[in-house]
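J.: In the working numbering, the protein residues as written are 759 to 1711.
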């Protein structure tokens, strides 16, 4: 039988193929981990704190810099392994147990800090394995040092040595307001300043003088495999343990035909559709949200949730179509009014489980839900949950001796997380409320704080005691563990919205939270058995699978030309793609609100059958006009209605190989020069608001990504906040006003020609896009004879230069191709330089002329064009006999926006602004000023590096 298959006639064949494929996939993962372990990779690390010490063991927090090896070669969050310290003489300590935890700096609401980017680990060292290198952590929580030391002083120790935090350091917050952690909007409440001074002092002490070199020993995680195969076994086979409804849903999931039943969500939640017909409701915050939905979203909302086959709703959405926004609005509507449950004496609200197959989006969607609840005035309890599996195993391991003789055992042990959270909360003093969804541990702690003198008084009594005294024997009292289990169970059962990963959603969790709706976001990114976790573990009213199968395929590490997994290609097919081929998808969200100026049309015609339309086609904003002009100048002053440009560099030295990856030095230099031009250009801004524009550099290759990352680190801090580099494979969900796509290689390959990868790459830009292609590539045999997608992209842009151009902004092409000189490769002095001081002026370019509508009589080269444009700006200003409008940022607000400046600098800026009479109400971030004629020259200079005609290209 030839794979992949896009339709299965039987559940048995589907189960056989995917079980064997999954087992082969994880066998390959185990081999890869063995290979990583054999490399002996070393990482820089800092021993931050000893958080616990007994007669049996000590526990530490370790911060690790992933370095060039990246996240893929250290334990993932929630995973465990071992770590040892390496010394200069080539010797090592013994291995210690370690597990990856959420970075405590990020937990404290300081995600902008450079320390938040470090990986955090909880290290457990048996006293018999102790080493002198552990004697001097940067912060010693357990020490009895004085108040002016680095040790935090917020821990209230009882005479018995308990760890109960003082009341001043606790969050006095009702669990009924988990989603409303501040009375202010979220963007006004992100500041967090612990009074203990812990974080600033810590930042100053992470220096090369106290850095350690560590080596990890990774364990092959079985949690994902167990969750996926476990879901299959629940639904099919010897261990089948599902309801008839779940089995019918599974059968439809596999065959996509002959559904045994249909579901209409509005029957159980009638208010979701009835309220939209009420005129008074349209003036409510939720009604206004509904009116802001685009026509496709409204159609999907009104008709997409009726007659759902077996309760499985499949809703694809294209780039920039607002998939997550639509899902969160739907959830808010479902939870806006109570529902009557059978056998219940009082009304309850709809409970929602939101599953995403990646850790970072879990945080993002939970935080977005917090903001939405706040905006709508809805008091809901939110939890974000990751890393469940390893914590359970670690707790069980520590208490296995007592467990062997115990009869009344909790299903899962939460004590380690709970006690670690108690330590963390003890450090949080004098905080302002964070705009952040609580983790499961934080939510449990908040619930405990609210009821610690009532329902959870027994836990409080234990917390006042020394649970880990000198006679502690790695055993937490069973009674205490049961009490903590009850606390966590109550917390989960009382939640309204939980965002989590598929692995965390399986196992014990399924019996502790019973959702009415299950959303599986970005479901095409997950393997089919991973999708089945939602069906096998939960029996809601409906399962809603969202995502874009055209951009994403399930990740299968064993796939490739030399794959030993015969089912790898089958595992790269998503259920959503099979559903599209089967013709059972009724609604799609394909209105792109990201791209301006017709940038969406290339992807639409190549991969979306021309169905993706623009939600901003009629919006001809000034930033778009400016980027069109910029692209036009790079293209020899030819009109560029569609702001996409393929660039070939003359005399390019070509690619450089780094292992199996590559990069192109000429491309890197040229792109970085353009990046600096854009960053210093005050007209380069966001299309919908007066904020500076952002830049995204993407490449399919890790080597190119690493070199761009090195170059970006050379930029001033203010510039680094506006530009980032990514590989294509981790770019989905990200966007920027201007995007550079560097293909790096001289010749095309099957890897470069991947349609999903190209679809992602060409749908990130909002205003403009440049694709760097080596001049050799269009002539190579692969592109001419084998390429199916990259060749079509090139031909589409090549034809753009041959078409007549309109002057009414009508799109007549997909892009353009140009040649550029790469000068200064040996000497970077020609490139624009960036000042360490952030530019504080942004121009309101309402008077800028759209040069893209004109075809110049001659092409005079870049220098003369730029000079002419500069002179034209100057002449226009003089002719107007008045100064141009300038929007000048208040310096205090600017420092806040960039996360820069000390409190003294900000106060000084504020006082200075008051003296000048420029301070306005807080809701106005910018103020308008008039530029005097004497300031004209300096203002023109601020037009940016690319307007200064000092360089000959």
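Built from N, CA and C at the ideal position, the CB exists for glycine as well. All values reported here derive from a predicted model rather than from experimental measurement.
For the region 1390-1397 against the region 1352-1372, are there 3 or more C-beta pairs whose distance is under 8 Å?
T.: Touching, no.
J.: Distance check for residue 1052 and residue 1179, CA to CA, integer angstroms please.
T.: For the purposes of this step, residue 1179 is taken as residue 421 along the chain shown, with counting starting at 1. For the purposes of this step, residue 1052 is taken as residue 294 along the chain shown, with counting starting at 1. So the two alpha carbons sit approximately 43 Å from each other.
J.: By the 10 Å Cβ neighbour count, where 16 or more other Cβ atoms means buried, how is residue 1354 classified, buried or exposed?
T.: Start at 1 with the first residue of the chain shown, and residue 1354 comes out as number 596. So residue 1354 ends up on the buried side.
J.: Could you give the C-beta distance for residue 817 and residue 881, rounded to a whole number, given that I count them as a contact under 8 Å?
T.: As a working note, residue 817 is residue 59 in the chain shown. As a working note, residue 881 is residue 123 in the chain shown. Yes, they are in contact, since the Cβ atoms of residue 817 and residue 881 sit about 7 Å apart, within 8 Å.
J.: What's the gap between the Cα of residue 859 and the Cα of residue 819?
T.: In the chain shown, counting from the first residue as 1, residue 859 sits at position 101. In the chain shown, counting from the first residue as 1, residue 819 sits at position 61. Approximately 9 Å between the Cα atoms of the pair.
J.: Name the DSSP bridge partner or partners of residue 970?
T.: What you label residue 970 is simply residue 212 of the chain shown in a count that begins at 1. The partner list for residue 970 (beta bridge, DSSP) reads 803.
J.: Tell me whether the beta-carbon of residue 1349 lies closer than 8 Å to the beta-carbon of residue 1058.
T.: Within the chain shown, the letter at position 591 stands for residue 1349. Within the chain shown, the letter at position 300 stands for residue 1058. Taking 8 Å as the Cβ cut-off, residue 1349 and residue 1058 do not qualify as a contacting pair.
J.: With a CB to CB cut of under 7 Å and the five nearest residues on each side skipped, what residues in its chain are close to residue 1019?
T.: The sequence position of residue 1019 within the chain shown is 261, counting from 1. Only 1006 and 1068 meet the Cβ criterion.
J.: Measuring straight from C-alpha to C-alpha, what distance separates residue 766 and residue 1408?
T.: Position 8 of the chain shown, counted from the first residue, corresponds to residue 766. Position 650 of the chain shown, counted from the first residue, corresponds to residue 1408. Residue 766 and residue 1408: Cα-Cα distance of roughly 52 Å.
J.: Please work out which residues of its chain come closer than 6 Å, Cβ to Cβ, to residue 788, disregarding the five sequence neighbours upstream and downstream, and give them in chain order.
T.: On the chain shown, residue 788 is found 30 positions in, with the first residue counted as 1. Excluding positions up to five away in sequence, the list reads 978.
J.: What do you reckon, are the CB atoms on residue 1063 and residue 1022 nearer than 8 Å?
T.: In the chain shown, the residue the question calls residue 1063 occupies position 305. In the chain shown, the residue the question calls residue 1022 occupies position 264. Yes. Within cutoff.
J.: Tell me whether residue 1063 sits in a helix, a strand or coil according to DSSP, three-state version.
T.: One-based indexing of the chain shown puts residue 1063 at position 305. Residue state, collapsed to three classes: coil.
J.: Residue 1036 by DSSP, collapsed to three states: which one?
T.: Counting from one through the chain shown, the residue named residue 1036 turns up at place 278. Coil, per DSSP.
J.: Mark residue 1171 as exposed unless 16 or more other C-beta atoms lie within 10 angstroms of its C-beta, in which case mark it buried.
T.: Sequence index remark: in the chain shown, residue 1171 carries index 413 (1-based). The residue is buried, with at least 16 neighbouring Cβ atoms inside 10 Å.
J.: Who are the near neighbours of residue 1043 in its chain, counting only those whose CB is closer than 8 Å to its CB and skipping five residues on each side?
T.: Translated into positions along the chain shown, residue 1043 becomes position 285. The residues are 1133, 1134 and 1135.
J.: Residue 1056 by DSSP, collapsed to three states: which one?
T.: Position 298 of the chain shown, counting from 1, holds the residue named residue 1056. Note: residue 1056 maps to helix in three-state DSSP.
J.: Buried or exposed for residue 1577, please, with buried defined as at least 16 other CB atoms from any protein chain shown within 10 angstroms of its CB.
T.: Taking the chain shown and counting its residues from 1, one reaches residue 1577 at position 819. By the 10 Å Cβ count, residue 1577 comes out exposed.
J.: Exposed or buried, which one is residue 1098 when buried takes at least 16 other CB atoms within 10 Å?
T.: Numbered from its first residue, the chain shown carries residue 1098 at position 340. Answer is exposed; the Cβ neighbour count stays below 16.
J.: Have a look at residue 1106 and residue 1422 and give me their C-alpha separation to the nearest angstrom.
T.: Position 348 of the chain shown, counted from the first residue, corresponds to residue 1106. Position 664 of the chain shown, counted from the first residue, corresponds to residue 1422. So the two alpha carbons sit approximately 59 Å from each other.
J.: Inspect the beta-carbon positions of residue 1404 and residue 1575 and report whether they are closer than 8 Å.
T.: As a position in the chain shown, residue 1404 is number 646, starting the count at 1. As a position in the chain shown, residue 1575 is number 817, starting the count at 1. In contact: residue 1404 and residue 1575 (Cβ atoms closer than 8 Å).
J.: Using the C-alpha atoms, what's the distance from residue 1215 back to residue 1208?
T.: The residue given as residue 1208 occupies position 450 in the chain shown. The residue given as residue 1215 occupies position 457 in the chain shown. C-alpha separation (whole angstroms): 11 Å.
J.: Checking 8 Å against the spacing of the C-beta atoms, do residue 805 and residue 876 come in under that value?
T.: Indexing the chain shown from 1 puts residue 805 at position 47. Indexing the chain shown from 1 puts residue 876 at position 118. Their beta carbons are not under 8 Å apart, which means residue 805 does not touch residue 876 by this criterion.
J.: Have a look at 1300, 1495, 1312 and 1525 and flag the residue whose alpha-carbon is nearest the alpha-carbon of residue 1089.
T.: For this step, residue 1089 is matched to residue 331 along the chain shown. For residue 1089, the nearest C-alpha among the options comes from 1300.
J.: Below 8 Å on the Cβ atoms is my contact criterion, and I expect residue 1250 with residue 1270 to pass it. Report the Cβ-Cβ distance as a whole number of Å.
T.: For the purposes of this step, residue 1250 is taken as the residue at position 492 of the chain shown. For the purposes of this step, residue 1270 is taken as the residue at position 512 of the chain shown. Going by Cβ atoms, the distance from residue 1250 to residue 1270 rounds to 4 Å, so yes, they are a contact pair.
J.: Does the count of Cβ pairs from the region 1491-1501 and the region 1524-1544 closer than 8 Å reach three?
T.: Yes: at least three Cβ pairs fall under 8 Å.
J.: Can the beta-carbon of residue 1127 be found less than 8 Å from the beta-carbon of residue 1201?
T.: Position 369 of the chain shown holds residue 1127. Position 443 of the chain shown holds residue 1201. The answer is no: Cβ separation not under 8 Å.
J.: Quick check: what's the CA-CA separation for residue 975 versus residue 854?
T.: On the chain shown, position 217 is the one that residue 975 refers to. On the chain shown, position 96 is the one that residue 854 refers to. Rounded to the nearest angstrom, the two C-alpha atoms are 10 Å apart.
J.: Take residue 1420 and list the residues in its own chain whose beta-carbon comes closer than 8 Å to its own, dropping the five residues that flank it on each side.
T.: Within the chain shown, the letter at position 662 stands for residue 1420. Excluding residues within five positions, the ones whose Cβ falls inside 8 Å are 1413, 1414, 1459, 1461, 1462, 1502 and 1503.
J.: Classify residue 1127 as helix, strand or coil using the three-state DSSP reduction.
T.: If you number the chain shown from 1, residue 1127 lands on position 369. Residue state, collapsed to three classes: helix.
J.: I believe residue 1314 touches residue 1296 by the beta-carbon criterion, under 8 Å. Please report the beta-carbon distance rounded to the nearest angstrom.
T.: As a first step, residue 1314 is located in the chain shown; it is residue number 556 there, counting from the start. As a first step, residue 1296 is located in the chain shown; it is residue number 538 there, counting from the start. That pair is no contact at about 25 Å.
J.: Could you give the C-beta distance for residue 832 and residue 1073, rounded to a whole number, given that I count them as a contact under 8 Å?
T.: Mapped onto the chain shown, residue 832 falls at position 74. Mapped onto the chain shown, residue 1073 falls at position 315. Going by Cβ atoms, the distance from residue 832 to residue 1073 rounds to 36 Å, so no, they are not a contact pair.
J.: Just the Cα atoms here: how many angstroms apart are residue 970 and residue 846?
T.: By 1-based counting over the chain shown, the position of residue 970 is 212. By 1-based counting over the chain shown, the position of residue 846 is 88. Going by the C-alpha atoms only, they are around 10 Å apart.
J.: Could you check whether residue 1486 and residue 1518 sit closer than 8 Å to each other, using their CB atoms as the reference points?
T.: Translated into positions along the chain shown, residue 1518 becomes position 760. Translated into positions along the chain shown, residue 1486 becomes position 728. Their beta carbons are under 8 Å apart, which means residue 1518 touches residue 1486 by this criterion.
J.: What are the residues that DSSP puts in a beta bridge with residue 1379?
T.: By one-based count along the chain shown, residue 1379 stands at place 621. Answer is none; residue 1379 lacks a bridge partner.
J.: Taking residue 1510 as the reference, which of 1077, 1551 and 1496 has the closest Cα?
T.: Position 752 of the chain shown, counted from the first residue, corresponds to residue 1510. It is 1551 whose Cα lies nearest to the Cα of residue 1510.
J.: By how many angstroms is the C-alpha of residue 770 removed from the C-alpha of residue 994?
T.: One-based indexing of the chain shown puts residue 994 at position 236. One-based indexing of the chain shown puts residue 770 at position 12. Their backbone Cα atoms lie some 8 Å apart in a straight line.
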